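The structure appears below as structure tokens.
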Amino acid sequence: DAGVTQSPTHLIKTRGQQVTLRCSPKSGHDTVSWYQQALGQGPQFIFQYYEEEERQRGNFPDRFSGHQFPNYSSELNVNALLLGDSALYLCASSYGRGETQYFGPGTRLLVL
Amino acid sequence: AQSVTQLGSHVSVSEGALVLLRCNYSSSVPPYLFWYVQYPNQGLQLLLKYTSAATLVKGINGFEAEFKKSETSFHLTKPSAHMSDAAEYFCAVSGPGANSKLTFGKGITLSVRP
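Going line by line, the protein sequences match chains A and B. Sequential numbering of the first sequence, starting at 319, is according to this note's numbering. Sequential numbering of the second sequence, starting at 6, is according to this note's numbering.
This is the structure:
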């Protein structure tokens with residue numbers, strides 16, 4: 319049973335560029351949440367997708383956007399990258415009414 | 006709003022000693038509480054969770070935690086530390102309700118001395 323997968327594992331971008339991160343949920347899961355983990359900090363909630371719609375959103379600017387596909391996979395897009403966007407981006411999946419989120423290995427983004 | 010406080014950023018124990026990692030939460034609604042572990046350069050792995058059933062929760066790798074409403078605490082313990090327990094530990098709160106966002110503490114680094 320495949321767990322949550324994310325791609326790419328690492329990414330280097332320069333300020334002002336745009337980036338797309340991808341996530342495939344655990345088999346049987348239909349909800350995807352994205353978190354940003356800055357160095358030395360706990361993860362911060364960005365947003366959550368269910369039935370291809372954004373269901374909840376954290377305190378992140380509109381530069382952060384997402385999408386969920388019919389197969390439940392998801393993308394996180396960040397526009398106009400800032401140095402402060404450098405972080406580990408974690409995707410978590412869960413099922414319907416379930417309260418437990420399972421995390422992928424993350425994508426480490428470095429903005430130069 | 007919900008929040009989690011994990012006091013101290015680093016705990017060091019000897020192999021075989023008791024592990025105690027503290028977590029206090031703030032929530033205006035009955036919370037769901039979680040402990041996750043993160044090994045270097047990896048994602049988060051669920052250790053255990055409290056979702057309003059038994060207040061003493063047992064998790065993987067010999068860890069357990071007790072929900073104490075009066076103290077708003079959910080401390081993580083393990084009777085005997087193993088070298089492989091060295092990692093970053095995060096306490097998180099959510100809910101109630103399905104698919105509520107997780108709010109994490111800043112994490113505690115656990116070191117285990119031989």
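Glycine included, C-beta positions come from ideal geometry on N, C-alpha and C. The structure presented is a predicted model; accordingly, all values stated were derived computationally and were not measured.
Distance between residue j and residue i (C-alpha atoms, nearest Å)
i                    : j                : result
serine 383(A)        : serine 411(A)    : 17 Å
arginine 426(A)      : tyrosine 390(A)  : 22 Å
proline 101(B)       : serine 33(B)     : 10 Å
phenylalanine 378(A) : glycine 21(B)    : 43 Å
isoleucine 330(A)    : glutamate 370(A) : 28 Å
leucine 400(A)       : proline 84(B)    : 44 Å
arginine 381(A)      : glycine 402(A)   : 13 Å
serine 57(B)         : glycine 358(A)   : 30 Å
valine 24(B)         : glycine 48(B)    : 22 Å
glycine 422(A)       : cysteine 341(A)  : 8 Å
leucine 12(B)        : arginine 333(A)  : 35 Å
isoleucine 113(B)    : glutamine 335(A) : 34 Å
For residue i, the first and last residue of its enclosing beta strand (DSSP E)
i                : result
glutamate 370(A) : From DSSP, glutamate 370(A) is part of no beta strand (DSSP E); its letter is neither H nor E.
glutamine 355(A) : 349-355
valine 9(B)      : 8-10
serine 19(B)     : 15-19
valine 337(A)    : 337-342
Contacts that residue i makes with chain B (C-beta to C-beta distance below 8 Å)
i                    : result
tyrosine 390(A)      : Those do not exist, as tyrosine 390(A) stays about 13 Å from chain B at its closest Cβ, beyond 8 Å.
phenylalanine 363(A) : Lys106, Leu107 and Thr108
Simplified DSSP assignment, three categories, for residue i
i               : result
leucine 25(B)   : strand
lysine 331(A)   : strand
glutamate 69(B) : strand
serine 75(B)    : helix
leucine 399(A)  : coil
serine 404(A)   : coil
serine 391(A)   : coil
serine 383(A)   : strand
serine 89(B)    : helix
leucine 1(B)    : This structure cannot settle anything about residue 1(B), because the visible part of chain B is limited to 6 through 119.
Amino acids of chain A, ordered along the chain, whose beta-carbon sits closer than 8 Å to that of residue i
i              : result
tyrosine 37(B) : Glu417
Interface residues of chain A facing residue i [CB-CB closer than 7 Å]
i             : result
lysine 111(B) : Gln359 and Gly360
7 Å Cβ cut-off: residues of chain B touching residue i
i              : result
proline 379(A) : Here the premise fails: no neighbours, minimum Cβ distance about 17 Å.
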